[in-house]
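Numbering (my numbering), first residue to last: 162 to 431. Glycine is no exception: its CB is placed at the ideal position from the N, C-alpha and C atoms. What follows is a set of notes on a single structure, which appears directly below.
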Amino acid sequence: MTRFALTVVRHGETRFNKEKIIQGQGIDEPLSETGFKQAAAAGIFLNNVKFTHVFSSDLMRTKQTVHGILEKSKVCKDLTVKYDSRLRERKYGVAEGRALSELRAMAKAAGEECPMFTPPGGETLDQVKMRGKDFFDILCQLILQEAGQNEQFSQGAPSNCLETSLAEIFPLGKTCASESNADSGAPGLAASVLVVSHGAYMKSLFNYFLTDLKCSLPSTLNKSEFMSVSPNTGISLFIINFEKGREVKPTIQCVCMYLQDHLNGGTETR
162 MTRFALTVVR HGETRFNKEK IIQGQGIDEP LSETGFKQAA AAGIFLNNVK
212 FTHVFSSDLM RTKQTVHGIL EKSKVCKDLT VKYDSRLRER KYGVAEGRAL
262 SELRAMAKAA GEECPMFTPP GGETLDQVKM RGKDFFDILC QLILQEAGQN
312 EQFSQGAPSN CLETSLAEIF PLGKTCASES NADSGAPGLA ASVLVVSHGA
362 YMKSLFNYFL TDLKCSLPST LNKSEFMSVS PNTGISLFII NFEKGREVKP
412 TIQCVCMYLQ DHLNGGTETR
């Protein structure tokens with residue numbers, strides 16, 4: 162079995178987020194002062210997590226967020242970020258730069274509801290989902306290839322370090338390769354991946370996890386909460402498992418959803 166951790170973070174707040182204006186791909190707005198503070202707070206929260214790979218959307222708000230996170234890291238500050246256009250926000254066509262209320266009015270006039278409605282020139286939800294699936298498939302192939310080339314992962318030396326750094330701040334529980342299941346041959350993590358992306362895109366990707374890959378959820382999380390939109394710099398963690406020698410879809414376990422402890426000082430792990 163090959164296992165890896167996937168930590169997904171939404172970008173920090175922009176002025177247009179606060180004003181409820183659609184940004185999509187065409188409005189490349191920078192972070193607001195609050196957004197920079199949120200990114201720094203997320204970085205401090207994650208500063209001891211040992212990431213092996215970092216991916217980000219290539220839009221300005223995500224670039225600034227991932228930089229703010231890595232800047233605070235104690236263990237992977239110099240890790241190279243791979244910017245990927247497949248992680249961009251959903252394209253909203255003519256609605257970009259307009260108020261969210263206008264998008265809802267356009268949908269109502271068309272006899273549809275948000276977010277199912279696709280504005281002229283925008284992406285359908287299926288198109289966004291396929292972008293997410295494509296990115297995730299390529300990511301899984303990369304991790305499996307690297308794990309196959311580096312047999313030291315099976316010995317657990319670096320993987321224990323990756324898992325321990327996550328367990329310090331996330332409720333890994335039964336997903337953690339503890340000493341008891343290490344004796345039975347359960348492997349540690351082959352990689353720990355950080356992805357910084359956007360609200361609507363993340364919602365679509367997580368829907369793919371839930372609907373197509375049958376992602377298991379924590380007992381404290383229901384499906385409607387799972388399918389809500391992440392707050393700015395909300396942090397979600399998944400453990401991805403591949404059975405050895407089987408060309409099948411991975412199993413996915415959601416550890417926590419839209420964690421905001423770095424923003425409010427609370428203990429919520431939704």
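Check your understanding: Mind checking residue 357: buried by the 16 CB within 10 Å criterion, or exposed?
Key -> buried
**Study point:** alpha helix (DSSP H) segment containing residue 199, residue limits
**Key:** 194 to 206
Review point. At which residues does the beta strand (DSSP E) containing residue 188 begin and terminate?
Key: No beta strand (DSSP E) holds residue 188; DSSP gives it neither H nor E.
Review point. Got a sec? Which residues, its chain only, sit under 7 Å from residue 206 by beta carbon, not counting five neighbours each side?
Key: 330, 422, 423
Review point. Per DSSP, residue 396 is paired with what?
Key: 170, 420
Review point. What does a CB cutoff of less than 8 Å around residue 238 pick up in its chain, not counting 5 residues either side in sequence?
Key: 231, 232
Check your understanding: Under three-state DSSP, which class holds residue 299?
Key -> helix
**Study point:** Residues near residue 252 in its chain [Cβ-Cβ closer than 6 Å; skip 5 each side]
**Key:** 185, 186, 283, 284
Check your understanding: Should residue 374 and residue 348 be called a contact, given that it needs their Cβ atoms to be closer than 8 Å?
Key -> no
Practice item. Taking 8 Å as the threshold, find out whether the region 168 to 180 comes into contact with the region 377 to 394 through three or more Cβ pairs. Key: yes
Practice item. Using the Cα positions of residue 386 and residue 311, report the straight-line distance between them to the nearest angstrom. Key: 38 Å
Exercise for review: Mark residue 196 as exposed unless 16 or more other C-beta atoms lie within 10 angstroms of its C-beta, in which case mark it buried.
Suggested key: buried
Review point. In whole angstroms, what is the alpha-carbon distance linking residue 170 and residue 360?
Key: 9 Å
Exercise for review: Could you have a look at residue 365 and say whether DSSP puts it in helix, strand or coil?
Suggested key: helix
Practice item. Go ahead and pull the three-state DSSP assignment for residue 260. Key: strand
Exercise for review: Specify, as a first and last residue, the run of the alpha helix (DSSP H) that residue 231 falls within.
Suggested key: 221 to 232
Review point. So, does the CB of residue 230 fall closer than 8 Å to a CB anywhere in chain D?
Key: Chain labels in this structure do not include chain D; a single protein chain is all it has.
Point to revise | Of the residues 388, 354, 190, the one placed nearest residue 178, counting alpha carbons only | key: 190
**Study point:** Short Cβ contact (8 Å threshold) for residue 333 with residue 416
**Key:** yes
Point to revise | Own chain partners of residue 165 with C-beta closer than 6 Å, once the 5 adjacent residues on each side are dropped | key: 304, 350, 351, 352, 401
Review point. From residue 199 to residue 261, what distance separates their C-alpha atoms?
Key: 23 Å
**Study point:** First through last residue of the beta strand (DSSP E) which encompasses residue 243
**Key:** 242 to 244
Practice item. Measure the C-alpha to C-alpha separation of residue 246 and residue 307 and round it to an integer number of angstroms. Key: 23 Å
Exercise for review: Along the beta strand (DSSP E) that carries residue 216, what are the first and last residues, could you check?
Suggested key: 214 to 217
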